[in-house]
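A.B. asks: One gets this note's numbering by counting positions in the sequence shown from 1 and adding 15 to each.
Note that CB positions come from ideal geometry on N, CA and C, so glycine has one too.
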Amino acid sequence: MNFKEHQLYGGAITAEIPEGAIDVSNLREVPDTQEVFLLEQPNKLDQAIIIDLLESVEKPSLAKIVSIHLDDILDDPPTFLAPLESFHNTNVEADVHTFLVKPAPSKQETKGVRLFMYIALLQVLKAESDVVITMTVPRECGEITQAAFFELAQKAVSGDEPVLGKAYNVIKSVAKTFKICDWDLFN
16 MNFKEHQLYG
26 GAITAEIPEG
36 AIDVSNLREV
46 PDTQEVFLLE
56 QPNKLDQAII
66 IDLLESVEKP
76 SLAKIVSIHL
86 DDILDDPPTF
96 LAPLESFHNT
106 NVEADVHTFL
116 VKPAPSKQET
126 KGVRLFMYIA
136 LLQVLKAESD
146 VVITMTVPRE
156 CGEITQAAFF
166 ELAQKAVSGD
176 EPVLGKAYNV
186 IKSVAKTFKI
196 CDWDLFN
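Dropping the structure here:
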């Protein structure tokens, strides 16, 4: 998959997004704190990347911070949550923490399709902000047990799961290439 640098938030931020991604702001209104891209898939199970600039959450643990952001993103608590990897983005001097989430069942799911979501949390201390990058990934499969979910998470990280592994590489690339060009955006 090829990536292309996109200017976000009027050029104040850049990140590499997959080539061919559709900027949703060209189709409908998107909140000022968000950038949304649609990745069309041949099987019609389209994926979405959402970049959110949020207030920094200062809590005693990473789990608590992620829980607060998930409360803002999801209507219901997630069914399952698996921490994946952490790495450092030198462009913004921020630690990046990645997670795989199985949201509670919703009307977006059908009998043979389950919705998964990746989250990359960048804690940008210099901007006193949390950047939350989410990627929704519909996947053809049956019911998901806790054991099956955690097995999928391991396979996604190792690249042994085609749909989730490919999507995980996408969200990691977006998070690794995220760069703030104009810090005044946060003032």
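State whether the region 59-75 contacts the region 89-97, with contact taken as three or more CB pairs (one from each stretch) at a distance under 8 Å.
C.D. replies: No contact exists between the region 59-75 and the region 89-97.
A.B. asks: Please specify which runs of the beta strand (DSSP E), each continuous and at least 3 residues long, are wholly inside the region 109-187, giving them in chain order.
C.D. replies: Listed in chain order, the complete beta strand (DSSP E) runs (minimum 3 residues) inside the region 109-187 are 109-117, 128-139 and 144-155.
A.B. asks: Which whole-angstrom value describes the C-beta separation of Glu31 and Thr192, a residue pair presumed to lie in contact below a C-beta threshold of 8 Å?
C.D. replies: Yes, they are in contact, since the Cβ atoms of Glu31 and Thr192 sit about 4 Å apart, within 8 Å.
A.B. asks: Candidates Phe18, Ile64, Asn17 and Glu20: which alpha carbon is nearest Ser40's?
C.D. replies: Looking at the Cα atoms, Ile64 is the closest of the given residues.
A.B. asks: Have a look at Thr113 and Ser101 and give me their C-alpha separation to the nearest angstrom.
C.D. replies: Approximately 6 Å between the Cα atoms of the pair.
A.B. asks: May I ask you to list the residues that DSSP assigns as paired with Lys79?
C.D. replies: For Lys79, which the question treats as bridged, DSSP gives no partner whatsoever.
A.B. asks: Going by beta-carbon coordinates alone, are Glu155 and Gly180 separated by less than 9 Å?
C.D. replies: Against a cut-off of 9 Å, the Cβ pair of Gly180 and Glu155 comes out as no contact.
A.B. asks: Can you give me the C-alpha to C-alpha distance between Glu143 and Leu99, rounded to a whole angstrom?
C.D. replies: Those two C-alpha atoms are separated by around 24 Å.
A.B. asks: Determine the direct distance from the alpha carbon of Trp198 to that of Pro118, and round the result to whole angstroms.
C.D. replies: Their backbone Cα atoms lie some 33 Å apart in a straight line.
A.B. asks: With distances taken between CB atoms, is the gap from Ala135 to Val189 smaller than 9 Å?
C.D. replies: Yes; because the gap between Cβ atoms is below 9 Å, this pair is in contact.
A.B. asks: Run the CB neighbour count on Arg43, radius 10 Å, all protein chains shown included, and call it buried at 16 or more, exposed below.
C.D. replies: So Arg43 ends up on the exposed side.
A.B. asks: Could you tell me which of Ser82, Asn17, Lys187 and Glu176 sits nearest to Asn104, measuring between CA atoms?
C.D. replies: Of the listed residues, the one whose Cα sits closest to Asn104 is Lys187.
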